[in-house]
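Under the numbering used here, the first residue of the sequence shown carries the number 56, and numbering increases by one thereafter. What follows is a single structure, written as C-alpha cells, with notes after it.
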Amino acid sequence: MDDENYGFCPHCGENLRSDAVYCPACGTVLKQEAVQNNYRPNYSSGKTPMGGVFMVAFIMLVLYTLLELIGSGSMLAINESTYDTINQIMIDTYGQTFSEYMFEATGVELTKEVFLKEIMIMGVTGVISAILAGISAFFCYKREKFKFAVGFCVVASVVVIVGYAMAPTMGGLFAGALNMAIGLIVAAMIRSSRGYFNS
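Here it is in C-alpha cells:
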C-alpha cells in the first residue's frame, strides 16, 4: 500500500488517500467531523469540454462575428468623399469612372447614389447579423439557452440574405444565399450538439 493511501472505501472499495473526506468514486462520507465543519468536496463545473462539431460551430460563429463587424463597419464608414476618392483612383488607373468600370464588369449601371444607398443597407444588415451571431456564440460559450443559440444563428443567417436582396447591385442573391446556407449549416451543427448545453 502506498504511503499516501490508507485503505479502501467501505462502500465501493475504491483505494483512498489518507486525507480523503469523501470517496471520489461514490461520494461516501468517510470523516464525519470534516463534513460537520462545512467541508465541501471540489466539484467540477459539469460542463463537457467543447469538441468536434460543437467546437467547429462555435469557432465559425466567433470568426463570422468578428469578420462581419469589421467588414460591415467598413461599409458604414464609406461616404461621398470615399466614393469620390475611389472614382478618382479608377480614372487614374483604368481611364474610366467607377460607374463605367462596374457597368463594363457586371453589365449593371451603378450610380453614386445607388452605390451609397446599397453599401449602407449591406453595412447595417451586416452589423445586425454579426450582433445576432455574437449572441448565439455567447450562448454557446456559456452552454445556456440552447434554443436561443440556435434561433439567433438562424435569424443572423436570414438577415444576411435580406441585406443582399435589398442591395441587388452590390450584393446579389447568390452571395446572400451562400452566406445564409453556411449560417444554417452552423445552426444545424449547434442543434446537433444539444448535449453540450445545460439549459
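Built from N, CA and C at the ideal position, the CB exists for glycine as well. Since we're looking at a predicted model, the values are computed, not measured.
Tell me which residues share the same chain as A222 and place their Cβ nearer than 7 Å to its Cβ, disregarding the 5 neighbours each side in the sequence.
E173, I176 and M177
Going by DSSP, what residues sit across from V84 in a beta bridge? Y77
- Task: With a 10 Å radius around its C-beta and 16 neighbouring C-beta atoms as the bar for buried, classify T180 as buried or exposed.
- Result: buried
(message) Buried or exposed, going by whether 16 or more other CB atoms sit within 10 Å of the CB of Y149?
(response) exposed
Could you pull out every residue in the same chain whose Cβ sits closer than 7 Å to the Cβ of F203, ignoring the five residues on either side in sequence? F194
### Task
Under 8 Å Cβ to Cβ from R246, same chain only, skipping five residues before and after it: list those, please.
V205
Using only alpha-carbon positions, find the residue among E155, A160 and E159 that is nearest to T166. E155
**Item:** Residue closest to A232, alpha-carbon to alpha-carbon, out of C67, N134 and V213
**Value:** V213
| said: Let's test the definition: count the other Cβ atoms within 10 Å of the Cβ of I191 and tell me whether it reaches 16, buried, or not, exposed. | reply: For clarity, residue 191 is Ser in the given sequence; the question names Ile instead. Buried: at least 16 other Cβ atoms inside 10 Å.
- Could you pull out every residue in the same chain whose Cβ sits closer than 6 Å to the Cβ of N142, ignoring the five residues on either side in sequence? T152 and F153
Within 10 angstroms of the Cβ of S99, are there 16 or more other Cβ atoms? Answer buried if so, exposed if not. The predicted model places S99 with a pLDDT of 42, which falls under 50 and marks its position as unreliable; any figure quoted below should be read in that light. So S99 counts as exposed.
request  = State buried or exposed for R198, treating a residue as buried only when at least 16 other CB atoms are found within 10 Å of its CB.
outcome  = buried
Grab the span of the beta strand (DSSP E) containing L71 for me, first residue to last. N70 to R72
Check your understanding: Can you check whether the CB of G238 is closer than 8 Å to the CB of C208?
Key -> yes
- request: Determine the direct distance from the alpha carbon of K200 to that of F158, and round the result to whole angstroms.
  value: 48 Å
Worksheet item: Just the Cα atoms here: how many angstroms apart are L116 and T224?
Response: 27 Å
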